């Protein structure tokens, strides 16, 4: 075991062992978390060649191309996840590959050195000799495992506190952007490369989008693409965009077609969106929620309004139909995915919270004229550009996808080499 791994193991034992169990027994959120973690089921006969760890849906999307590649070729894989938000996707993937994939919930509150007294030991479950982490999830109970490590979608954003010597634990690092690669080059001496794994994944979805988009063609084709705007992954606070009377006039005058796809689709959040929308439009612009019981096309002909799309799992494809895309989250914690609309051929707008987004850095390094930061929601229309994107710019984005697939193949070869060492 490497020296730093021993220190990490000691750190975990000293800092977390006294706290985890009381939380898991006494506090409501702790009991809920412990119940989630204890759903794990081990299979002593299963032996994996490779393991992955993720903490969010975004990280799942990042590593999905790697997961799909190795599972499709029959490689036994273990997948560890720490968030309930991604459990459904992990379970669906396990159902798709029942013979070659095992999934585990990362024990935080219930972590222990052996499986007893309500505690759980990852060491006794994880059989893979190689674990690939995503971004910056340096959980001590992972790094203390006596195995080898790789890191993908690596970023130093907001991670000044991380001791850089920890990165020496990794046999290879794949950076999330060229900007991040420059940062790592200053101190990391191992195998270093750069690739946002979502590029090829998004490219695949955009290229095969037409079947999913068929119901929307007739509804949206009244105006050309460059006169269509979508608010993707938007929140109630961002309805202030409609406070600008020029935008409202252009919607009613059929000079712009606006649709929105809320980030949260539960009933409470949708009602908050509707209330905020009515507040900033003064109730003068209809909001048409698309569903089977509503003939939105007829309603839009009668009185133009804004379309609200609440179908799950289609936003990435929808971006292909819009010349302008405002991506939500930038007036909250952080912007959501700006890479999806960019690769779908859209001009991108977002709020000011871009610091945590490596996707923002990626677009800025390739197409700085096509991503616009909105500092004040009420002034969004000042930065809105109603123009067709040039053909050479679209060609550039298509080239990025092609080159990404080539880089992906090289990284797969690198991982294969590490597994065979």
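In the numbering used here, the protein residues as written are 142 to 562.
Note that beta-carbon positions come from the ideal geometry of N, C-alpha and C, so glycine has one too.
Since this is a predicted model, take the numbers as computed values, not measurements.
First and last residue of the uninterrupted beta strand (DSSP E) at residue i
i, result
"residue 332", "332-335"
"residue 313", "311-316"
"residue 271", "271-275"
"residue 399", "398-403"
"residue 517", "Segment: none, residue 517 is in no beta strand (DSSP E) and carries neither H nor E."
"residue 370", "369-375"
"residue 242", "242-246"
"residue 488", "488-491"
Closest by C-alpha distance to residue i, when choosing among the options
i, options, result
"residue 481", "288, 291, 368, 542", "542"
"residue 503", "373, 377, 347, 335", "335"
"residue 422", "393, 406, 430", "393"
"residue 453", "410, 404, 496, 443", "404"
"residue 216", "498, 458, 241", "241"
"residue 196", "188, 233, 262, 275", "275"
"residue 526", "424, 437, 369, 361", "369"
"residue 522", "414, 501, 391, 545", "391"
"residue 294", "337, 262, 333", "337"
"residue 535", "229, 483, 204", "483"
"residue 387", "520, 560, 206, 508", "520"
"residue 206", "548, 450, 562", "548"
"residue 348", "440, 373, 458, 514", "458"
"residue 190", "212, 243, 270", "270"
"residue 324", "524, 296, 491", "296"
"residue 356", "505, 371, 298, 450", "450"
"residue 545", "362, 444, 341", "341"
"residue 227", "244, 555, 212", "244"
Contact under 8 Å by Cβ, residue i with residue j
i, j, result
"residue 367", "residue 464", "yes"
"residue 402", "residue 456", "yes"
"residue 399", "residue 447", "yes"
"residue 314", "residue 286", "no"
"residue 512", "residue 553", "no"
"residue 466", "residue 489", "yes"
"residue 415", "residue 428", "yes"
"residue 194", "residue 284", "no"
"residue 263", "residue 381", "no"
"residue 247", "residue 279", "no"
Local conformation of residue i per DSSP, three classes
i, result
"residue 200", "helix"
"residue 195", "strand"
"residue 511", "helix"
"residue 469", "coil"
"residue 504", "helix"
"residue 384", "helix"
"residue 564", "There is simply no residue 564 to check, as the chain begins at 142 and stops at 562 in what is shown."
"residue 227", "helix"
"residue 153", "Model confidence at residue 153 stands at a pLDDT of 49, short of 50, so the residue's coordinates are unreliable; what they give is reported in the following sentence. If DSSP states are grouped into helix, strand and coil, residue 153 belongs with the helices."
"residue 328", "coil"
"residue 290", "strand"
"residue 431", "coil"
"residue 295", "strand"
"residue 308", "helix"
"residue 219", "strand"
"residue 233", "helix"
"residue 205", "helix"
Residue burial classification, residue i (beta-carbon count within 10 angstroms, cutoff 16)
i, result
"residue 318", "buried"
"residue 461", "buried"
"residue 551", "exposed"
"residue 395", "exposed"
"residue 499", "buried"
"residue 496", "exposed"
"residue 236", "exposed"
"residue 379", "buried"
"residue 538", "buried"
"residue 328", "exposed"
"residue 155", "Residue confidence for residue 155 is low, a pLDDT of 46 falling below 50, so the modelled location carries little weight; the figure read from the coordinates is stated next. The residue is exposed, with fewer than 16 neighbouring Cβ atoms inside 10 Å."
"residue 406", "exposed"
"residue 219", "buried"
"residue 470", "buried"
"residue 292", "buried"
"residue 359", "exposed"
"residue 437", "buried"
"residue 177", "Low confidence applies to residue 177: its pLDDT is 48, below 50, so where it sits in the model is not reliable, and the reading given next is rough at best. Burial call: buried."
"residue 229", "exposed"
"residue 492", "buried"
"residue 442", "exposed"
Span of the alpha helix (DSSP H), counted from its first residue to its last, around residue i
i, result
"residue 441", "437-443"
"residue 411", "408-422"
"residue 347", "339-348"
"residue 558", "532-560"
"residue 361", "351-361"
"residue 483", "480-484"
"residue 456", "456-459"
"residue 364", "From DSSP, residue 364 is part of no alpha helix (DSSP H); its letter is neither H nor E."
"residue 448", "Residue 448 -> not in any alpha helix (DSSP H); beta strand (DSSP E) instead, spanning 447-449."
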